[in-house]
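Numbering (the numbering used here), first residue to last: 591 to 985.
Right under this line is the structure:
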C-alpha cells in the first residue's frame, strides 16, 4: 500500500535529514515573530542557523505580510509584560488598612515603593540587555533588518493578484466547511485572518511545483488541521497535506515541523550550535501558543453556535442587538459575546432552541456579570419562524 498511499506513511529519519540538508526551508510568520519573544543571545543563535540555509530560504508572501502586520504588536506586548511586573510588587493603601499606626504604615509604604523602584530599574536593565525595545522596532527594527539581510528578492513570494486572492479565499472558506486542511481550525476568526493559513499553503504548493528540490515548512502551528493528532499525541503532518504536495511535485518529499525540532536537527546535521536552553525556550513558546489556541471553541461548536444565533436573530433581532450592546465582557480569545449569549440557558429556554451542550463548562468560562439579573431579559412573545429559514443576519 505504501506505493499507492505514500502520504499515510511517515518519512524515515534519513529522508527528513535529506529534506533538511537539500530542500527549500520555508518559514511561517509565527517563526519570524518568535524572534521578538526570545532574548538577544537566543535570537542570534536562531539567526545563525538561518544564515546556514540562507540560499534555500523561502518566505511565502502571505507569511511575510503577516509578519509585517504583527511585528509591532508583538514587540509592544513583550515590552508591556515587563512594564507591568513592578506594579505587582507595589502595596496599595487597602493592603495596609489594618495598620493603625500612621508612622509604621508610612515606613512600610516607603520601603515597598523603594523595593518596587529598584526592581523596576533592574528589570528594565535586563530587558535592554536581552530584548528588543518597542521604540527600537518602531524606528529601525533590528529583527526585521536581520531577516532582510538573509533574504534576497527571490526568497520572498510574489504578491498574488487581487482576483487570485479573492478566488483562493473563497476556496478556503469552502474547504473549511468540508474540514479540509489546513486552516479550518481558524474558521472562527475574522475571515481575512481565517484564510491566512490556506493562502500560505497555496503559495507553498505553487512554489513546490516549480522548485526542483524537497520542501520543509517550519511553523509553530500544531493544530489538528496541520497534524494528525491521536489522543492528544502529535503523529505527523496530515496525510491530506502530503497528498496535495505529492500532486504538486511527485519527484521530491515534503515535510513540516516546529522551530524547536528544526533547531535540534540543525545541530545534528547542519553543524549548528544552538544551546539546549534555546531549544527548550522555543519549545515552551510553541507549546503555550498551541495550548492557547486549543482553548478556542472548535469549529463544529462554532457552526452550531452560529445556527442557534441565527434563530435568536430571526425571532427578535432588536432584543439580541440590545444584549450584544449591553453585555460587553472580557472573554477568552476566540469566544465572542455572541456565542456566550447563545449558550445562556435562560435565553435558550425563552427562545426554545438547543445551545451547544456544556459549552462553558467544558472551557471553564465565566459569564458576564449580571446577565441573568437583568429585568428586561424576558423578551416579548414572537411567532416561531419557519425552521427552514436560514437568515444571514448573524454573519
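A virtual CB, placed ideally from N, CA and C, is assigned to each residue, including glycine.
State the start and end residues of the unbroken alpha helix (DSSP H) segment that holds residue 777.
From DSSP, residue 777 is part of no alpha helix (DSSP H); its letter is neither H nor E.
Is it the case that the region 651 to 667 contacts the region 719 to 738, given that we only count it when at least three CB pairs across the two stretches are under 8 angstroms?
Verdict: yes, contact present.
Hey, could you find the ends of the beta strand (DSSP E) residue 858 is sitting in?
No beta strand (DSSP E) holds residue 858; the alpha helix (DSSP H) holding it covers 849 to 859.
Less than 8 angstroms between CB atoms is the rule here; does residue 600 satisfy it with respect to chain C?
No chain C is part of this structure, which consists of one protein chain only.
Per DSSP, what kind of secondary structure is residue 871 in: helix, strand or coil?
Residue state, collapsed to three classes: helix.
Can residue 733 and residue 626 be called in contact, C-beta distance under 8 angstroms?
Contact flag set, yes.
Determine the contact status of residue 751 and residue 788, defining contact as a CB-CB distance below 8 angstroms.
No, these two residues do not count as a Cβ contact at 8 angstroms.
In the DSSP assignment, find the beta strand (DSSP E) that holds residue 616 and state where it starts and stops.
Start and end: 614 to 617.
Assign residue 821 to buried or exposed, taking buried as 16 or more other Cβ atoms, counted over all protein chains shown, within 10 Å of its Cβ.
It is exposed - the Cβ of residue 821 has fewer than 16 other Cβ atoms within 10 Å.
Return helix, strand or coil for residue 845, following the three-state DSSP convention.
Reduced to three states, the DSSP call for residue 845 is strand.
To the nearest angstrom, report how far apart residue 736 and residue 637 are at their CA atoms.
Each residue's Cα considered, the two are about 8 angstroms apart.
Leaving out five residues before and five after residue 629 in sequence, what residues of the same chain have Cβ atoms less than 7 angstroms from its Cβ?
Contacts found: 720, 721.
Would you check if the region 794 to 806 and the region 755 to 775 touch, i.e. whether three or more CB-CB distances between them fall below 8 angstroms?
No, they do not touch.
Return the Cβ separation of residue 835 and residue 795 in integer angstroms, given the expectation that the two are a contact with Cβ distance under 8 angstroms.
Rounded, the Cβ-Cβ distance is 7 angstroms, consistent with contact.
Between the C-alpha atoms of residue 754 and residue 781, what's the straight-line distance to the nearest angstrom?
C-alpha separation (whole angstroms): 16 angstroms.
Please report how far the alpha carbon of residue 704 lies from the alpha carbon of residue 680, in whole angstroms.
Roughly 9 angstroms separates the two Cα atoms.
Classify residue 785 as helix, strand or coil using the three-state DSSP reduction.
Three-state DSSP puts residue 785 in coil, outside helix and strand.
Any idea if residue 622 is buried or exposed, counting beta-carbon neighbours within 10 angstroms, 16 or more meaning buried?
Per the 10 Å Cβ criterion, buried.
Would you list, in sequence order, the uninterrupted beta strand (DSSP E) runs of no fewer than 3 residues that lie entirely inside the region 611 to 684?
Listed in chain order, they are 614 to 617.
If I'm right that residue 654 touches residue 808 with Cβ under 8 angstroms, what's the distance once you round it to whole angstroms?
Contact doesn't hold; Cβ gap of about 14 angstroms is too wide.
Would you say the region 606 to 616 touches the region 640 to 657, given that touching needs at least three Cβ pairs under 8 angstroms?
Cβ pair count under 8 angstroms is three or more, so yes.
Buried or exposed, going by whether 16 or more other CB atoms sit within 10 Å of the CB of residue 823?
The residue in question, residue 823, is exposed, as its Cβ has fewer than 16 Cβ neighbours within 10 Å.
For the alpha helix (DSSP H) holding residue 837, just list the boundary residues, first then last.
Start and end: 829 to 838.
Does the beta-carbon distance from residue 651 to residue 757 come in below 8 angstroms?
No, they are not a contact pair.
Suppose the cutoff is 7 angstroms on Cβ atoms and the five residues either side in sequence are ignored; what does the same chain contact list for residue 602 look like?
There are no such residues.
Could you say which of 668, 694, 688 lies nearest to residue 713 if we only look at CA atoms?
Checking every option, the nearest Cα to that of residue 713 belongs to 668.
In this structure, does DSSP put residue 799 in helix, strand or coil?
Of the three classes helix, strand and coil, the one that applies to residue 799 here is helix, per DSSP.
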